[in-house]
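Visitor: In the numbering used here, the protein residues as written are 4 to 156.
1. Are the segment 51-60 and the segment 29-41 touching, with three or more C-beta to C-beta distances below 8 Å?
2. To the nearest angstrom, how far is it from the Cα of residue 137 to the Cα of residue 19?
3. Can you pull the DSSP bridge partners for residue 29?
4. Does the Cβ-Cβ distance between residue 69 and residue 94 come in under 9 Å?
5. Hey, out of 118, 91, 96, 92, whose CA is closest to residue 104's CA?
6. Residue 14 bridges to which residues according to DSSP?
7. Looking at residue 7 and residue 96, is the spacing between their C-beta atoms short of 9 Å?
8. Where does residue 4 sit, in a helix, a strand or coil, going by DSSP?
9. Using 8 Å as the cut-off, can you tell me whether the segment 99-114 makes contact with the segment 70-78, which would need three or more C-beta pairs spanning the two stretches below that distance?
Given below as structure tokens:
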């Protein structure tokens with residue numbers, strides 16, 4: 004998204020700006036949840052991973068923000084294991100959705116599909132380009148796809 008010029012604010016729900024992912028990679032969030040205004044976001048994007056997905060699921064303020072965004076028709080996106088957060092909230096009932104293998108049963112009432120994730124060697128891409136297409140149009144998504152290794156497979 005940033006490569007495409009989309010303004011992204013990474014928000015931590017842990018109470019600390021430094022966040023450590025499941026593989027020990029440390030990232031610095033732009034803001035704490037308490038400092039951010041999720042009601043002003045065009046997209047609420049849940050990145051997934053573990054234990055991050057559990058942290059997202061347990062954060063009441065985030066769940067309330069997702070619920071509001073959904074009711075307002077604003078875009079909500081989740082990748083990897085994070086669709087299970089939306090599934091637990093009942094937001095995916097009657098919809099088609101995908102997730103990281105092993106989390107399918109947490110997508111209550113969903114028409115599950117295994118499509119939507121491509122792994123090529125050590126590079127995994129999900130629907131990031133789909134978000135660019137929705138936010139900036141198909142030409143920008145094609146431009147970014149041409150600049151990175153990407154297969155719609």
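Don't be surprised by glycine CBs; every beta carbon is placed ideally from N, CA and C.
Guide: A quick look at the data gives this:
1. no
2. 31 Å
3. 23
4. yes
5. 118
6. 34
7. Result no, Cβ atoms of residue 96 and residue 7 do not sit closer than 9 Å.
8. coil
9. Note that the segment 99-114 does not touch the segment 70-78; fewer than 3 beta-carbon pairs, one per stretch, sit closer than 8 Å.
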